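Heads up: the structure comes next, in structure tokens.
Number of protein chains: 2
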Amino acid sequence: MAIPIHYPSPGGATPHEQLLNCCRDKVAVSAEEEVMIRATFKERHFARNEHILRVGEICPFSVYIVRGVMRDYTTDADGVEQTTRLAFDDYFSGDMHSLSNGVASVYSIQCLEETVGLTIDKAGYDWLFAQVPAFTNVFHYVRNRSFNVALQLMAERSSKSAEQRYLGLLRENPQIFQRVPLKIIASWMGIQPETLSRIRKNITL
Amino acid sequence: MAIPIHYPSPGGATPHEQLLNCCRDKVAVSAEEEVMIRATFKERHFARNEHILRVGEICPFSVYIVRGVMRDYTTDADGVEQTTRLAFDDYFSGDMHSLSNGVASVYSIQCLEETVGLTIDKAGYDWLFAQVPAFTNVFHYVRNRSFNVALQLMAERSSKSAEQRYLGLLRENPQIFQRVPLKIIASWMGIQPETLSRIRKNITL
DNA sequence: ATCCGTTCTTGACTTAAGTCAAGTAGCCTG
DNA sequence: CAGGCTACTTGACTTAAGTCAAGAACGGAT
Chain A
1 MAIPIHYPSP GGATPHEQLL NCCRDKVAVS AEEEVMIRAT FKERHFARNE
51 HILRVGEICP FSVYIVRGVM RDYTTDADGV EQTTRLAFDD YFSGDMHSLS
101 NGVASVYSIQ CLEETVGLTI DKAGYDWLFA QVPAFTNVFH YVRNRSFNVA
151 LQLMAERSSK SAEQRYLGLL RENPQIFQRV PLKIIASWMG IQPETLSRIR
201 KNITL
Chain B
1001 MAIPIHYPSP GGATPHEQLL NCCRDKVAVS AEEEVMIRAT FKERHFARNE
1051 HILRVGEICP FSVYIVRGVM RDYTTDADGV EQTTRLAFDD YFSGDMHSLS
1101 NGVASVYSIQ CLEETVGLTI DKAGYDWLFA QVPAFTNVFH YVRNRSFNVA
1151 LQLMAERSSK SAEQRYLGLL RENPQIFQRV PLKIIASWMG IQPETLSRIR
1201 KNITL
């Protein structure tokens, strides 16, 4: 199925230029390093609802999201899905532990929109890590920050009510409601869809 | 997720030998790399309740815990502490994002027991990353796994009751109850101390 | 369009966990 | 070996969020 893509990217950047800008926000990238990064990341398009990884598989690649949304989710004993992470434009997705160590992933990853990504497989990843120190640092940066964000969200779940967290989301990330179904936002917030619906009704009154 | 306890260090290993064993569990370490790792990590002892980091400070070092327990915690708007992570023997602690990027930490880290650690500061860390590829991979491994563990715990909070999570902890990590005060375990589980107390009463009946 | 399967909403009711308050038991430290 | 500080427990009560069930609204496929 052909996926309509909305080029150009912001500022007319190509996907690889957007990735390089993302890297340059975090570390210095030399001209030679740029060439290697461009050569290693492959552009790929994913359909809405397409899975790039299912629990138990070995993660085939990490992906820089040029434009789109992906969710990580686990499935509990009763078959209920728990969304643990949402990744939008300019974020990375993939189970790095599974990719690096060749072990089964503990979660699944699915696109929620038609998504344009730049993918890097284990061979490319190992090669780039050995050749391009700057890239190593980008991955450190991204992973360390994601880890801290996850801990912050976990702490917020205990210290704030669902309504307070909803209001915060509405203030800081309103676009999420245009791009992600409410039942998935509810799961990601750690509440039931009915509860989210009632909170929204309450607010708009 | 079982917590290893080594009293004393396994096979009478010195702290640095224990660290090297930890690295070798994950990646190959050459003789030259071993020398550099030994030279970079400094042994330090911390008192019970001592902080190695307070929110807002720049994290001064990362630490490999030879023996002891540390907790990461945030403080919410009402001054209530939320424990987000517990790290025992043979784990790493420290806010890597703060350490690597020189930015303010978003949480505090405190020892819950007298703790023996091997510390590595930013200079040592940058040097080791440039010199010792094996060490880079150890840090990737540790951080990626910690990230996945955090996501799994977050998902469990939604899909299981506090009592189910308590029973799981009791099964897989009973030693935690010998080493960490109940009010901190409660906070880490995302429940109130009173609730934990009632769950425990119920179980032992 | 119109059908079908989601997603979302709403209502009535239940319940797990939180809150407040009081008391007990440990434990350092002087 | 008291005194005071915390940790922990217990009881009574409240409440936020979950559950179950039914209908409405939306969106993709035909």
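As you go down the protein sequences, you meet chains A and B in turn.
Everything in the first sequence is counted per this note's numbering, starting at 1 for the first residue and increasing by one.
Everything in the second sequence is counted per this note's numbering, starting at 1001 for the first residue and increasing by one.
Where a beta carbon is used, it is the ideal one built from N, C-alpha and C, also for glycine.
This one's a predicted model, so the numbers in the text were calculated from it and none came from an experiment.
Local Cβ density within 10 Å of residue i, reported as buried at 16 or more and exposed below that
i, result
"B/E1150", "Residue identity differs from the one stated: residue 1150 of chain B is Ala in this sequence, not Glu. Classification of B/A1150: buried, given that the 10 Å Cβ count is 16 or more."
"A/V80", "exposed"
"B/P1181", "exposed"
"B/I1203", "exposed"
"B/L1019", "buried"
"A/V35", "exposed"
"A/A87", "buried"
"A/L170", "exposed"
Sheet register partners of residue i (DSSP bridge)
i, result
"A/D72", "A/R85 and A/I109"
"A/I65", "A/G117"
"B/K1042", "B/T1119"
"B/S1093", "B/V1063"
Where residue i meets chain A, residues with beta-carbon distance less than 8 Å
i, result
"B/H1097", "Y141, N144, R145, F147 and N148"
"B/D1072", "L151"
"B/K1130", "Checking the sequence shown, residue 1130 of chain B turns out to be Ala, not Lys. Residues of chain A passing the Cβ test: P133."
Separation of residue j from residue i, as counted between CA atoms
i, j, result
"B/I1184", "B/I1176", "11 Å"
"B/Y1112", "B/G1068", "Correcting the residue identity first, residue 1112 of chain B is Leu in this sequence and not Tyr. Cα-Cα distance, rounded: 7 Å."
"B/Y1166", "A/F41", "44 Å"
"A/A186", "B/Q1131", "46 Å"
"A/R143", "B/M1070", "21 Å"
"B/S1159", "B/G1056", "33 Å"
"A/N49", "A/I109", "10 Å"
"A/V27", "B/T1075", "31 Å"
"B/G1190", "B/E1032", "45 Å"
"A/T136", "B/R1179", "37 Å"
"B/F1147", "A/D25", "23 Å"
"B/T1115", "A/H51", "44 Å"
Interface partners of residue i on chain A, CB under 9 Å
i, result
"B/S1100", "N137, H140, Y141 and N144"
"B/D1076", "A155, E156, S158, S159 and K160"
"B/Y1107", "N148, L151, Q152 and A155"
Run of the beta strand (DSSP E) containing residue i, from where it starts to where it stops
i, result
"B/I1176", "First-last for B/I1176: I1176 to R1179, but that is the alpha helix (DSSP H), not the beta strand (DSSP E)."
Proximal residues of chain A, C-beta to C-beta of residue i below 7 Å
i, result
"B/V1080", "S159"
"B/R1085", "L151"
"B/I1190", "A small correction: the amino acid at residue 1190 of chain B is Gly; Ile does not occupy that position in the sequence shown. The answer, in chain order, is R157 and S158."
Residue range of the unbroken alpha helix (DSSP H) whose run includes residue i
i, result
"B/I1052", "It is not in any alpha helix (DSSP H) - B/I1052 instead sits in the beta strand (DSSP E) that spans H1051 to L1053."
"A/V149", "P133 to S159"
"A/Q18", "P15 to R24"
"A/S203", "According to the sequence as given, residue 203 of chain A is Ile; it is not Ser. First-last of the alpha helix (DSSP H) with A/I203: P193 to T204."
"A/S187", "L182 to M189"
"A/E163", "A162 to E172"
Residue i: contacting residues in chain B (beta-carbon distance under 8 Å)
i, result
"A/T40", "The contacting residues do not exist; A/T40 stays about 17 Å from chain B at best."
Proximal chain B residues relative to residue i, where beta-carbon distance stays under 7 Å
i, result
"A/R54", "Near A/R54 there are no residues of chain B at all, since even the closest Cβ is about 16 Å away, more than 7 Å."
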